[in-house]
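Numbering (the numbering used here), first residue to last: 76 to 146. Virtual Cβ for every residue (Gly too), placed ideally from N, Cα, C. Structure, as structure tokens:
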């Protein structure tokens with residue numbers, strides 16, 4: 076597990092159940108599938124990306140730093 080995934084897990088897992096996913100890195104609240112990666116992360120169909128090194132989100136990509144506000 077890398078630093079990005081650890082950060083995401085710690086921030087989201089504080090309030091919601093986090094599980095592994097067959098189609099992405101994590102499944103949140105048995106509903107959303109998240110791929111965690113760099114700015115070039117491309118999520119599969121039906122998934123969202125928590126992307127590092129981007130300032131603003133677009134379509135199904137959310138900046139990783141925004142998850143820090145959940146804690």
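I'd like the list of long-range same chain contacts for residue 132, defined as Cβ closer than 6 Å, with 5 residues on each side in sequence excluded.
Annotation for residue 132: 138 place their beta carbon closer than 6 Å to its own, counting only its chain and skipping 5 residues before and after.
Backbone CA spacing between residue 105 and residue 80 [nearest angstrom]:
Each residue's CA atom was taken as its position, placing residue 105 and residue 80 some 18 Å apart.
Residue(s) in a DSSP beta bridge with residue 138:
As computed with DSSP, residue 138 is found in a beta bridge with 126.
In the DSSP assignment, the beta strand (DSSP E) including residue 83 goes from what residue to what residue?
Run containing residue 83: none in the beta strand (DSSP E); it sits in the alpha helix (DSSP H), 78 to 87.
For a test of the three-state rule: what should DSSP assign to residue 110, helix, strand or coil?
Three-state result, residue 110: strand.
Does the separation of the CB atoms of residue 126 and residue 112 fall below 8 Å?
It is a contact, given that the beta carbons lie within the stated cut-off.
Is residue 102 near residue 94, with beta carbons less than 8 Å apart?
The Cβ atoms of residue 102 and residue 94 sit closer than 8 Å to each other.
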